[in-house]
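Residue numbers (my numbering): 33 to 130.
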């Protein structure tokens, strides 16, 4: 069995809580999601995305069984966040972790 792979991003935005809620509500149409104003968890078939809104920063913690799944979650989460935050020109810089 392969060890899980992880990635993290911290996106500075005064609307961190709003984007957390928007992402979770959107993902909840297709997958299992649990969230409140400051934290959330989205269960993709390829892995999970934990979200937290702390002091003007949206933290994204991803976990997947392998690099392919991690890449898919990164792409989905980043695409949606960038589209939702187009007014702020949000960008996501991922850091992979062991």
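Note that the Cβ used here is the ideal one computed from N, Cα and C, for glycine as well.
Quick one: grab the DSSP three-state call for residue 75. strand
Quick one: give me the first and last residue of the alpha helix (DSSP H) that residue 112 is part of. 99-116
Rounded to whole angstroms, what is the Cα-Cα separation between residue 42 and residue 91? 5 angstroms
Can you give me the C-alpha to C-alpha distance between residue 64 and residue 79, rounded to a whole angstrom? 11 angstroms
Enclosing beta strand (DSSP E) for residue 38 [first to last residue]: 37-44
Pull up the distance between the alpha-carbon of residue 88 and that of residue 72, whole angstroms please. 16 angstroms
Start and end residues, alpha helix (DSSP H) containing residue 48: 48-59
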